[in-house]
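**Q** Could you have a look at this structure, given as structure tokens, before my questions?
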Amino acid sequence: MKRMQRSFLAGMMIIVMFMMHAKTKAQLAVNLQLQPSGIIQKQQLWNIAVVNGSSERIPMLIELNVFDSRNGNRVFSSVSKILIIAQGAKQITIHDVMPIQYQYLNPLYQIDASQNSLLPVGVFRFCYNFFRTGDKGSELLLEECRTMEVGPLSPPMLNLPQDSAVLSNKHPQFVWIPPVPLQTFKNLNYELRVVELQKGQNSSEALQKNLPFAEKGNIREPYFSYPSSLPAFDTATMYAWQITAYDANGYSVKSEVWSFSIKNRNPSGLKLSTAYVWLKQGEDPSMFVSSGHVKFSYENMRNDSLVTYRVVAGNKEQQVRQGSIKLSPGQNFIDLDFGNKRFWRENETYRFELINSKGERWKLSMLFIEKEEE
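For the sequence shown, our numbering begins at 2 and goes up steadily by one.
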């Protein structure tokens with residue numbers, strides 16, 4: 002209430018100063034009390050400060066036409082009831098002009114009939130015509146227009162990946178929160194834009210200046226799983242990303258800009274072993290680079306039908322896996338898939354030991370690295 006009073010007083014001062022230098026028909030002056038941008042309720046369009054500088058009471062109606070400023074198309078029109086403006090200043094609100102006749106002219110805009118409904122997002126031109134009414138018809142006293150951007154309370158907000166995140170997955174899922182309020186957008190859809198950060202750039206600068214590394218438009222849900230059909234992310238590069246929300250009429254609003262990178266799962270450049278390696282006795286076993294399974298060759302000279310094995314972590318002698326293996330007489334080629342990755346630490350060395358019926362320990366060393374995604 003206090004805010005409206007302050008706005009009214011400020012408007013009155015502007016109007017009085019204006020009327021000291023110029024005269025309008027019937028000495029009528031108005032101040033449209035519209036906020037410059039943001040969400041707007043229909044009822045707020047009727048907050049108008051009026052000064053009648055004449056000595057007579059003016060019977061008046063107000064016509065409001067709203068246009069899309071991009072193409073000039075009229076979105077809707079409305080006409081107030083007839084109200085009487087006495088000499089001096091008056092603050093007009095929705096209650097003074099009801100009932101209002103609305104005519105919705107453009108089906109591309111979803112506008113609720115309620116007075117409390119929100120205007121759709123977009124850039125609009127609001128034109129008010131103030132008519133004196135009487136027995137001989139209507140006389141246009143004054144026309145006032147104002148261009149405004151009706152925007153959401155908040156733009157889309159990024160959620161995942163978090164800002165400056167280092168990701169393990171080369172095909173991450175991008176997640177964001179829709180703009181608020183959602184009902185001000187018709188046929189809401191999103192565009193994801195990813196760019197590479199160059200040396201010395203921050204995320205926002207990269208989005209403005211750099212060519213897109215990857216783009217995807219017409220996303221209907223507030224998430225997107227990055228597919229293999231788009232360019233693959235490089236572990237040596239930092240990326241910036243942004244979401245733009247669009248409505249059916251071409252209005253857009255952008256999120257903030259976040260960055261992420263992809264973790265290098267194999268900084269040493271080692272390649273996974275694919276060939277079978279020989280198990281050895283002694284302190285110099287063969288090395289097998291593994292992503293969770295191991296392939297080895299063992300000659301079953303003891304004709305054991307079943308042997309045991311264990312896996313220990315590095316020099317800690319901490320056993321992480323154990324089990325048994327069925328063997329055939331002679332040469333055996335074994336492929337063990339350990340599967341569960343929670344047992345392994347990346348780039349850490351493990352020792353695999355096969356123990357036969359005589360208690361002999363046949364060994365190989367394993368270095369665990371994450372298998373690169375295609």
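For glycine and all other residues, C-beta sits at the position ideal for the given N, C-alpha and C. Keep in mind that this is a model prediction, so the values were computed, not measured.
Under a three-way DSSP split, which group does L119 fall into?
**A** L119 falls in the strand class under three-state DSSP.
**Q** In the DSSP assignment, what are the bridge partners of P60?
**A** Answer by DSSP bridge pairing, in chain order: I85.
**Q** Just to confirm, is the Cβ distance from V196 to P179 under 8 Å?
**A** In this structure, P179 does not lie closer than 8 Å to V196 by Cβ.
**Q** Which residue's Cα is closest to the Cα of S358: V321, T309, S329 and Q42?
**A** Checking every option, the nearest Cα to that of S358 belongs to T309.
**Q** Y191 to Y224, Cα distance in whole Å?
**A** Y191 and Y224: Cα-Cα distance of roughly 9 Å.
**Q** Indicate the three-state DSSP secondary structure (helix, strand or coil) for I178 in the structure shown.
**A** If DSSP states are grouped into helix, strand and coil, I178 belongs with the strands.
**Q** If you follow the alpha helix (DSSP H) that E206 is in, where does it begin and where does it stop?
**A** Counting along the chain, the alpha helix (DSSP H) containing E206 begins and ends at S204 to K210.
**Q** Considering only the beta carbon of each residue, do Q45 and S118 sit closer than 8 Å?
**A** No, they are not a contact pair.
**Q** Can you list, in chain order, the stretches of the beta strand (DSSP E) that have 3 or more residues and sit fully within the region 288 to 361?
**A** The region 288 to 361 contains these whole beta strand (DSSP E) runs: 294 to 301, 307 to 314, 319 to 327, 331 to 338 and 349 to 356.
**Q** For Q1, which residues of its own chain have a beta-carbon under 8 Å away from its beta-carbon, when the five flanking residues on both sides are left out?
**A** Shown here, the chain extends from 2 to 375; a query on residue 1 therefore has no answer.
**Q** Leaving out five residues before and five after F289 in sequence, what residues of the same chain have Cβ atoms less than 6 Å from its Cβ?
**A** Closer than 6 Å at Cβ, skipping near neighbours: S274, V278, V295, L365 and M367.
**Q** Determine whether the beta carbon atoms of Q111 and S78 lie at a separation below 8 Å.
**A** Not closer than 8 Å, so no.
**Q** Could you name the residues of the same chain whose beta carbon sits closer than 7 Å to that of N66, not counting the 5 residues immediately before and after it, in chain order?
**A** Correct list, in chain order: R75, S78 and C128.
**Q** DSSP three-state call for M13: helix, strand or coil?
**A** In this prediction, M13 has a pLDDT of 47, which is less than 50 and means its spatial position is unreliable; what the coordinates show is noted afterwards. Helix.
**Q** Bridge partners for H140 per DSSP, in chain order?
**A** Correcting the residue identity first, residue 140 is Glu in this sequence and not His. According to DSSP, which records beta bridges pairwise, E140 is partnered with R133.
**Q** Do you know how far the Cα of G331 is from the Cα of L355?
**A** Each residue's Cα considered, the two are about 16 Å apart.
**Q** Report yes or no: do three or more beta-carbon pairs, one from the region 147 to 163 and one from the region 81 to 96, lie closer than 8 Å?
**A** As far as the Cβ criterion goes, the region 147 to 163 does not touch the region 81 to 96, which means the pair count is below three.
**Q** Any idea what DSSP makes of D235, helix, strand or coil?
**A** Coil at D235, not helix or strand.
**Q** Please state whether the Cβ-Cβ distance between P162 and P173 is less than 8 Å.
**A** Result yes, Cβ atoms of P162 and P173 sit closer than 8 Å.
**Q** Helix, strand or coil: which one does DSSP assign to E185?
**A** The displayed chain sequence assigns Thr, not Glu, to residue 185. T185: helix per DSSP, three-state reduction.
**Q** Specify the secondary structure class of V258 as computed by DSSP and reduced to three states.
**A** It is coil, neither helix nor strand.
**Q** Would you call the CB atoms of V31 and F131 closer than 8 Å?
**A** Yes, these two residues count as a Cβ contact at 8 Å.
**Q** Can you tell me where the alpha helix (DSSP H) with I95 in it begins and where it stops?
**A** Element bounds for I95: I95 to V98.
**Q** So, at 6 Å on beta carbons, what are the nonlocal neighbours of S253 in its own chain, with the 5 sequence-adjacent residues on each side left out?
**A** Excluding sequence neighbours, S253 sits near T245 and Y247.
**Q** Going by the beta-carbon positions, is the gap between L208 and V176 smaller than 8 Å?
**A** No, Cβ-Cβ distance for L208 and V176 is not below 8 Å.
**Q** How close, in whole Å, do the beta carbons of V312 and R322 come, if the pair is a contact with beta carbons under 8 Å?
**A** That pair is a contact at about 4 Å.
**Q** Measure the Cβ-Cβ separation of Y240 and L189 and say whether it is below 8 Å.
**A** No, the pair does not count as a contact, with Cβ atoms beyond the cut-off.
**Q** Would you check if the distance between the CB atom of S260 and the CB atom of S204 is smaller than 8 Å?
**A** Result yes, Cβ atoms of S260 and S204 sit closer than 8 Å.
**Q** Do F369 and R352 count as a contact pair if the criterion is CB distance below 8 Å?
**A** No. Outside cutoff.
**Q** D336: buried (16+ other C-beta within 10 angstroms of its C-beta) or exposed?
**A** So D336 counts as exposed.
**Q** By DSSP, does Q42 sit in helix, in strand, or in coil?
**A** In the structure shown, Q42 sits in a strand (DSSP, three-state: E or B).
**Q** Which same chain residues end up closer than 6 Å to K264 when comparing Cβ atoms and leaving out the 5 residues on each side of it in sequence?
**A** Counting only Cβ-Cβ distances below 6 Å, and skipping sequence neighbours, we find V167 and S169.
**Q** Can you tell me which residues form a DSSP beta bridge with Y224?
**A** BP columns for Y224 point to V176.
**Q** Drop a sphere of 10 angstroms on the beta-carbon of S55, count the other beta-carbons inside from all chains shown, and report buried for 16 or more, exposed for fewer.
**A** Result: exposed.
**Q** For L183 versus S256, is the C-beta distance shorter than 8 Å?
**A** Cβ distance not < 8 Å, so L183 and S256 don't count as in contact.
**Q** Could you check what DSSP says for Q34 in three-state terms: helix, strand or coil?
**A** Three-state DSSP puts Q34 in coil, outside helix and strand.
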